[in-house]
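Residue numbers (our numbering), protein chains in the order written: chain A, 18 to 258; chain B, 50 to 360. Following: one structure in structure tokens, then a few remarks.
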């Protein structure tokens with residue numbers, strides 16, 4: 018299972034439409050979740066709409082939260098998305114058997130066994146989460162909370178039975194104008210996470226779409242490196258784990 | 050602007066059932082009359098219902114898979130252990146709401162009680178030690194069956210008469226060794242940087258320690274939890290300051306640092322520390338008796354002296 022979690026506080030303003038980029042991710046078997054962080058005021062109508070649309074196109078969830086709720090939200094969204102991915106794979110299988118993909122169509126007695134299998138897969142299927150952090154100037158006061166949320170997520174991931182990895186990008190990238198930069202490669206343990214954003218130069222623009230495309234690319238290259246045998250795309254194969 | 054997580058799942062509005070609404074079971078055909086909302090958990094609402102001539106608690110899930118997985122846990126626990134008594138889980142079914150959507154629900158025994166802080170407020174803090182012990186025993190039984198409660202918190206524990214305890218929301222119950230399914234930050238070992246979120250007996254014991262601190266020093270705990278540098282040491286400092294908790298200082302230290310192997314071990318340590326406090330109090334009161342005896346004999350002596358002078 019592959020996820021991208023975008024944490025931002027405003028509208029994209031450079032390059033490709035992020036909604037299109039999220040749809041690309043979904044087509045590659047990557048679910049995109051979006052958290053909008055706000056401390057004072059709100060993101061404005063267009064910011065809220067964009068967040069919602071990105072998540073819809075990426076097959077994921079979107080939330081608007083205060084920084085103090087960030088860690089809990091990130092953890093819950095990741096968990097929910099794992100279960101949704103498993104459920105949609107299982108529903109697809111059920112469709113073959115029943116002609117109706119919904120769990121509710123099964124009598125309560127039979128439902129129990131299906132859900133037991135889903136729970137088991139949700140706990141044991143391999144999971145990768147790429148975090149994409151908006152590092153535009155307005156995010157400066159929120160980065161400490163973001164870093165805590167990342168560490169908290171790692172703590173939850175490493176408590177799973179299945180192989181769980183996390184990586185971190187921020188955008189825009191460095192001074193030379195890249196759309197994004199990798200802060201932390203695939204990591205399995207909390208103790209391997211250094212201080213992430215202490216030396217970060219905050220930039221003005223918000224190239225959300227191009228940054229999303231770079232993360233998709235990173236996944237693609239990574240999958241190529243890992244070979245096809247541990248492919249875990251539940252949506253296309255109908256098989257998870 | 051801010052939306053609660055559970056409202057947003059597939060865009061559905063939160064279910065609200067008025068008193069007097071009658072639900073009809075889709076698969077088993079029972080009739081359930083709603084009396085009032087008892088509470089809301091992370092994955093559903095619990096109503097007091099009348100079914101036949103009796104009252105029950107009925108939990109309605111927002112998500113079929115979530116609720117079913119809770120039902121699986123209840124079946125696994127109560128199917129094996131408490132076969133002699135009437136089953137806790139009474140019925141599982143679906144109903145069709147007026148909106149056309151199907152909801153699943155399960156019906157369980159209705160347990161009456163108070164939350165811990167209310168109980169202690171009304172009945173007195175004398176009950177603190179016994180309730181602590183009863184909770185340890187309950188957790189111990191669950192652990193022996195291979196489960197960890199997970200989301201232990203004020204709202205999920207009901208205290209009935211004579212300090213009897215009931216754990217009431219099974220949404221967080223997790224098989225040993227898996228990642229805890231549902232938790233609340235304040236009581237979460239990870240939130241206090243005191244360990245993982247993998248289900249083991251000491252996960253519940255940590256949450257229980259926080260719950261017992263909350264029962265004694267709720268306001269101070271709330272303050273501590275909001276600090277960025279929250280730590281187990283800060284919790285222990287709170288324990289040491291409190292008259293109610295001080296006798297159990299060592300117990301809190303072991304529970305918060307994950308030093309107990311099992312709930313049974315934690316229960317023995319809890320009783321032992323409670324007894325040593327009681328014997329200490331007995332000693333003090335017997336000292337008072339001795340003191341009283343001394344005063345009495347002094348009065349007797351003085352009276353004798355007066356007699357002597359009068360003679």
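All C-beta atoms, glycine included, are put in the ideal place defined by N, C-alpha and C. These figures come from a predicted structure and were not determined experimentally.
Look at the Cβ atom of residue 364/B, then the Cβ atom of residue 192/B, and state whether they are nearer than 8 Å. As displayed, chain B neither begins before 50 nor continues past 360, which places residue 364/B out of reach and without an answer.
For residue 100/B, which residues from the same chain have a beta carbon less than 6 Å from its beta carbon, with the 5 sequence-adjacent residues on both sides left out? For the purposes of this step, residue 100/B is identified with residue 51 of the second chain, where counting begins at 1. Residues of the same chain with a CB within less than 6 Å of the CB of residue 100/B, apart from the 5 flanking positions on each side, are 81 in chain order.
Could you name the residues of the stretch 123-149 of chain A whose beta carbon sits closer than 7 Å to any beta carbon of chain B, in the order they occur along the chain? Listed by position along the chain: 124, 125, 128, 129, 132, 133, 135, 136 and 140.
Environment of residue 203/A [buried if 16+ CB atoms lie within 10 Å]: Counted from its first residue, the first chain places residue 203/A at position 186. It counts as exposed.
Chain B contacts from the stretch 162-175 of chain A (Cβ-Cβ distance under 9 Å): Answer set for the stretch 162-175 of chain A: 165, 169, 172, 173, 174 and 175.
Is the shortest distance between the beta-carbon of residue 111/A and the beta-carbons of chain B less than 8 Å? Here residue 111/A refers to the residue found at position 94 of the first chain. Not one chain B Cβ lies under 8 Å of residue 111/A.
Between which two residues does the alpha helix (DSSP H) harbouring residue 50/A extend? Residue numbering aside, residue 50/A sits at position 33 when the first chain is read from its first letter. Not the alpha helix (DSSP H): residue 50/A falls in the beta strand (DSSP E), residues 47-54.
Under 8 Å between C-beta atoms, does residue 230/A make it to chain B? Counting from 1 along the first chain, the entry for residue 230/A is found at position 213. At a cut-off of 8 Å between C-beta atoms, residue 230/A does not count as an interface residue with respect to chain B.
CA-to-CA distance, residue 243/A to residue 182/B, given in whole angstroms: Working through the second chain from its first residue, we reach residue 182/B at position 133. Working through the first chain from its first residue, we reach residue 243/A at position 226. Their Cα atoms are separated by approximately 52 Å.
Proximal residues of chain A, C-beta to C-beta of residue 76/B below 7 Å: Taking the first residue of the second chain as 1, we reach residue 76/B at position 27. Listed by position along chain A, the residues whose Cβ is nearer than 7 Å to that of residue 76/B are 124 and 125.
Below 8 Å between beta carbons: does that hold for residue 225/B and residue 199/B? Your numbering for residue 225/B matches position 176 in the second chain. Your numbering for residue 199/B matches position 150 in the second chain. For the 8 Å CB-CB criterion, residue 225/B and residue 199/B do not form a contact.
Using a Cβ-Cβ distance under 8 Å, would residue 62/A count as near chain B? Along the first chain, read from residue 1 onward, the residue named residue 62/A stands at position 45. Not one beta carbon of chain B lies nearer than 8 Å to the beta carbon of residue 62/A.
Pick from 207/A, 38/A and 224/A that is closest to residue 188/A, judged by C-alpha positions: As a first step, residue 188/A must be located in the first chain, where it is residue number 171. Of the residues 207/A, 38/A and 224/A, the one whose Cα lies closest to the Cα of residue 188/A is 224/A.
By the 10 Å Cβ neighbour count, where 16 or more other Cβ atoms means buried, how is residue 50/A classified, buried or exposed? Your numbering for residue 50/A matches position 33 in the first chain. Residue 50/A comes out buried.
Relative to the C-alpha of residue 52/A, which residue among 109/A, 151/A, 45/A and 104/A is closest? If you number the first chain from 1, residue 52/A lands on position 35. The candidate whose alpha carbon is nearest that of residue 52/A is 151/A.
Using a C-beta cutoff of 8 Å, does residue 90/B count as contacting chain A? Here the question's residue 90/B lines up with position 41 in the second chain. With 8 Å as the cut-off, residue 90/B does not count as an interface residue toward chain A.
Quick one: what's residue 81/B bridged to in DSSP? In the second chain, residue 81/B corresponds to position 32, counting from 1. The partner list for residue 81/B (beta bridge, DSSP) reads 72/B.
Whole runs of the alpha helix (DSSP H) within the stretch 86-172 of chain A, excluding any shorter than 4 residues: Unbroken alpha helix (DSSP H) runs of no fewer than 4 residues, entirely contained in the stretch 86-172 of chain A, are found at 87-115 and 125-141, following chain order.
Residues in its own chain within less than 7 Å of residue 133/B by CB, not counting five upstream and five downstream? Here residue 133/B refers to the residue found at position 84 when the second chain is read from its first residue. Low local confidence applies: a pLDDT of 49 at residue 133/B is under 50, so the model's placement there is unreliable, and no value is given.
Confirm, please, whether the CB-CB distance from residue 103/A to residue 60/A is below 8 Å. Counted from its first residue, the first chain places residue 60/A at position 43. Counted from its first residue, the first chain places residue 103/A at position 86. With respect to the 8 Å criterion, residue 60/A and residue 103/A are not classified as neighbours on the basis of their beta carbons.
On the CB-based measure, 16 or more other CB atoms within 10 Å of its CB, does residue 272/B come out buried or exposed? As a position in the second chain, residue 272/B is number 223, starting the count at 1. So residue 272/B ends up on the exposed side.
Against residue 227/B, what residues of chain A qualify as contacts under a CB-to-CB distance less than 7 Å, listed in chain order? Numbered from its first residue, the second chain carries residue 227/B at position 178. What residue 227/B touches in chain A: 140 and 178.
DSSP beta-bridge partners of residue 108/B: Counting from one through the second chain, the residue named residue 108/B turns up at place 59. According to DSSP, which records beta bridges pairwise, residue 108/B is partnered with 95/B and 155/B.
Against chain A: residues of the stretch 138-171 of chain B by CB proximity under 8 Å: Sequence-ordered contacts of the stretch 138-171 of chain B with chain A read 141, 142, 143, 151 and 153 [C-beta pairs closer than 8 Å].
Under 8 Å between C-beta atoms, does residue 239/B make it to chain A? On the second chain, residue 239/B is found 190 positions in, with the first residue counted as 1. At least one chain A Cβ lies under 8 Å of residue 239/B.
Does residue 163/B come out as helix, strand or coil in the three-state DSSP assignment? Sequence index remark: in the second chain, residue 163/B carries index 114 (1-based). Residue state, collapsed to three classes: strand.
Given residue 249/B as reference, the closest of 285/B, 294/B, 309/B and 233/B once Cα atoms are compared: For the purposes of this step, residue 249/B is taken as the residue at position 200 of the second chain. For residue 249/B, the nearest C-alpha among the options comes from 309/B.
Along the beta strand (DSSP E) that carries residue 187/A, what are the first and last residues, could you check? Counting from one through the first chain, the residue named residue 187/A turns up at place 170. Per DSSP, residue 187/A belongs to the beta strand (DSSP E) from 181-188.
In its own chain, which residues sit with a C-beta less than 7 Å from the C-beta of residue 90/A, not counting the 5 before and 5 after it? Walking along the first chain from the start, residue 90/A turns up at place 73. Excluding positions up to five away in sequence, the list reads 52, 80 and 82.
Unbroken beta strand (DSSP E) run spanning residue 234/A, endpoints: Residue mapping note: residue 234/A aligns to position 217 of the first chain, counting from 1. Where residue 234/A is concerned, there is no enclosing beta strand (DSSP E), although the alpha helix (DSSP H) it sits in stretches over 225-243.
If you measure from the beta carbon of residue 234/B to each beta carbon in chain A, is any gap under 8 Å? If you number the second chain from 1, residue 234/B lands on position 185. Contact of residue 234/B with chain A is assigned, a C-beta pair being separated by under 8 Å.
Buried or exposed: where does residue 161/A fall if 16 or more other Cβ atoms within 10 Å of its Cβ makes it buried? Against the first chain, residue 161/A aligns to sequence position 144. Residue environment: residue 161/A is assigned as exposed (fewer than 16 neighbouring CB atoms within 10 Å of its CB, all protein chains considered).
Based on Cα-Cα distance, which residue from 170/A, 133/A, 156/A and 62/A lies nearest to residue 148/A? The sequence position of residue 148/A within the first chain is 131, counting from 1. Nearest C-alpha to residue 148/A: 170/A.
What in chain B is Cβ-close to residue 89/A, meaning under 8 Å? One-based indexing of the first chain puts residue 89/A at position 72. The contact set of residue 89/A on chain B, defined by CB atoms closer than 8 Å, consists of 234 in chain order.
Kindly list the residues whose CB is nearer than 7 Å to the CB of residue 186/B, restricted to its own chain and excluding five residues on each side of it in sequence; keep chain order. Looking up residue 186/B in the second chain gives position 137. Take residue 186/B, set aside five residues on each side of it, and the residues of its chain with a beta-carbon closer than 7 Å to its own are 316, in chain order.
Under the assumption that residue 87/B contacts residue 72/B (Cβ atoms under 8 Å), give the Cβ distance between them as a whole number of angstroms. Counting from one through the second chain, the residue named residue 87/B turns up at place 38. Counting from one through the second chain, the residue named residue 72/B turns up at place 23. A Cβ-Cβ separation of about 15 Å leaves residue 87/B out of contact with residue 72/B under the 8 Å criterion.
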